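Per our numbering: the sequence shown = residues 8 to 241.
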Amino acid sequence: MPPQRCNLIMGADMGSPYGPPGTGDILGHPNLQLMYHHTVPNSRLKKFWNDTVSNSVMASKQQPLLLALERNISAYAGMIHPNGQLTQGDITAAITLSRKIRQGDVVHDPGAQERPDGWDDFRRIYIWLPGNLFKGPRNRADDPGDAFDSPARPVLGATLFGQLSDINTKIMDYLEHPADGPRAQSAYTALAEVAKSYINRNPRNFNNKYWAWKKDDRKEGPVINRRTGHLPRS
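Here it is, written out as structure tokens:
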């Protein structure tokens, strides 16, 4: 049977699949609205996927990230109802699609209009991988914008932060060489390690001891306290 030819380019972000992140307190500033922060920026993850798909250097039967997702996303409890927004049916559809892409039963066709079954669920899971996220206040004075979140080390712990920094470096290296399959494979392998880690199945929770309040002539707002001496276990 010929493969199903679909458009596999990721477009606009659909938003977090998790439940409301709640509120948190920083000394002297109670009830701050929290959000889920990406460490490797979501725009970079999306461009990485799109470039590997467009250059036909992503799919193979041993594609490490797709294998990791197939085996682990059913345990991402934070994004699955009743905690999150995805149903068990959504998770099953995403697992099935991941397997079909990996096995070559669904292939990218830039001229196709059709999207495969489970596409929206799959791309939400990929962009919002729990191991890449942490809860923190909105309107951070140290928000990195569309860059790697280098202040996040105390929140994530040294091990996870090091993994994510390595992923970011490998993705950036690949993006400079978009036809290079081994570079793409190296980045996907590193990303798969975070995707399949037991302790990374939920975003890091907010802990106010890793946060401070900054006020100077330029900015005011919550910041990650880089002087925190103790790093959380990772």
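All C-beta atoms, glycine included, are put in the ideal place defined by N, C-alpha and C.
Being a predicted model, the structure only gives us computed values, none of them experimental.
Subject >> Cβ pair Asp112, Pro10 closer than 8 Å >> reply: The Cβ-Cβ distance between Asp112 and Pro10 falls below 8 Å.
Subject >> For Arg147 and Asn209, the rounded distance between their alpha carbons >> reply: 22 Å
**OP:** Would you list, in sequence order, the uninterrupted beta strand (DSSP E) runs of no fewer than 3 residues that lie entirely inside the region 21-52?
**Re:** Within the region 21-52, complete beta strand (DSSP E) segments of at least 3 residues are found at 30-33, 36-45, given in chain order.
Subject >> Among Leu198, Val230, Gly188, nearest to Ala159 - alpha-carbon criterion >> reply: With distances taken between CA atoms, Ala159 lies nearest to Val230 out of Leu198, Val230, Gly188.
**OP:** Write down the C-beta distance between Ala119 and Cys13 rounded to the nearest angstrom, noting that I regard them as a contact closer than 8 Å.
**Re:** 5 Å
Subject >> Unbroken stretches of the beta strand (DSSP E), 3 residues or longer, contained in the region 96-126 >> reply: Segments of the beta strand (DSSP E) lying fully in the region 96-126: 113-115.
**OP:** Using 10 angstroms around the beta-carbon of Ala186, count the other beta-carbons present and answer buried if the total reaches 16, otherwise exposed.
**Re:** exposed
Original post:
Taking Cβ to Cβ, would you say Ile174 is nearer than 8 Å to Ala202?
Top reply: no
Original post:
Which residues in the same chain as Met17 place their Cβ atom closer than 7 Å to its Cβ, once the five residues preceding and following it in sequence are excluded?
Top reply: Lys53, Trp56, Asn57, Arg130
Original post:
Along the chain, where does the beta strand (DSSP E) that runs through Lys177 open and close?
Top reply: From DSSP, Lys177 is part of no beta strand (DSSP E) but of the alpha helix (DSSP H) over 165-182.
Subject >> the region 17-35 / the region 153-170 touching (three or more Cβ pairs under 8 Å) >> reply: Counting Cβ pairs under 8 Å, fewer than three are found: no touch.
Subject >> Residue range of the unbroken alpha helix (DSSP H) whose run includes Arg190 >> reply: 188-202
Subject >> Rounded distance between the beta-carbons of Leu76 and Ile132, thought under 8 Å >> reply: 7 Å
Subject >> Identity of the residues DSSP links to Gly143 by a beta bridge >> reply: Answer is Met42, bridged to Gly143.
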